[in-house]
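A short worksheet on the structure shown next.
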Ligand SMILES: Nc1ncnc2c1ncn2[C@@H]1O[C@H](COP(=O)(O)OP(=O)(O)O)[C@@H](O)[C@H]1O
Ligand SMILES: [Mg+2]
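Residue numbers (this note's numbering), protein chains in the order written: chain A, 31 to 141; chain B, 37 to 177.
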């Protein structure tokens, strides 16, 4: 379980590896926000290519970052979702406020 | 009721046990020969109920979470219970987006996910005594 940070086209890319549950979210959400503040990026893109499990704690994490970036005039979006994660986005209705992209590059271009 | 097989698990209400709980129940469910998508649904529903016991029932403090699983034919039965603070109004608690912990970035969608991933879910609770979530899933239908 790990989280890595990259920057691309003025966006903070958050690369997650592992299962996203309450345990994981409690450990990473602060470091995501502090990375965004430190580096001065107002856009956050989650790269989920190495995530095959997410429960409602992940929804809370994404909505939390969405509110955080919105305050600073930026956006939060998600890329590289497995079918499982797409299903969670649909069931929760999250797809209505968070855009889903096939690749991180596509997501950064849409910013 | 006659079950083909049963198992019970009890563990401390700490967040690192969320993964342990969902993987254990998924391993029990394997005898019903579930599809990969069904395994994910079971893991997600278990993760939701167990997380609720840890953060809501025990407020991230000391406590034990209990799981019982049974199977009969192609049906899987899961019971997840705690001896925590209980739920004041179950109907309200199960409404989509309802949460008593918005400050912890809870989405209020745990019960909604359990309902959409399992065939049946029942919740019973007593204030100050605890909560029991019973779920049922038909495999391969
Ligand atoms: N085991 C439990 N013990 C006490 N309260 C619970 C329990 N499970 C759920 N609840 C209550 O039901 C509400 C809704 O639960 P849920 O749909 O999972 O959303 P969330 O966990 O995001 O708050 C919780 O906010 C909590 O008030
Ligand atoms: Mg919950």
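Using N, Cα and C, we set each Cβ at its ideal position, and we do this for glycine too.
- Secondary structure of residue 173 of chain B (DSSP, three-state): strand.
- Set against 7 Å, the gap from the CB of residue 146 of chain B to the closest heavy atom of ligand 1 is smaller.
- Residue 127 of chain B has its Cβ no nearer than 7 Å to any heavy atom of ligand 2.
- Annotated as distal: residue 122 of chain A and residue 75 of chain A, with beta-carbon spacing of 8 Å or more.
- Judged by DSSP in its simplified three-state form, residue 154 of chain B adopts coil rather than helix or strand.
- Contiguous beta strand (DSSP E) elements confined to the segment 113-162 of chain B occur at 156-162, taking only those with 3 or more residues.
- With fewer than 16 neighbouring CB atoms inside 10 Å of its own CB, residue 44 of chain B falls in the exposed class.
- Neighbours of residue 146 of chain B in chain A, taken as residues at a C-beta separation under 7 Å, are given in chain order as 86.
- With a threshold of 7 Å, the Cβ atom of residue 152 of chain B does not count as near ligand 2, since no heavy atom of the ligand is closer than that.
- Under the three-state reduction of DSSP output, residue 91 of chain A falls in the helix class.
- Distances from the CB of residue 84 of chain B to the heavy atoms of ligand 1 include at least one below 7 Å.
- Assigned with DSSP and collapsed to three states, residue 125 of chain A falls in helix.
- A straight line joining the alpha-carbon of residue 173 of chain B with that of residue 68 of chain A spans about 47 Å.
- Using a CB distance cut-off of 8 Å, residue 121 of chain A counts as an interface residue toward chain B.
- For residue 80 of chain A, the closest Cβ of chain B is not nearer than 8 Å.
- Not one heavy atom of ligand 2 falls within 7 Å of the beta-carbon of residue 76 of chain B.
- Taking a C-beta distance under 8 Å as the contact criterion, residue 79 of chain A and residue 110 of chain A qualify as a contact pair.
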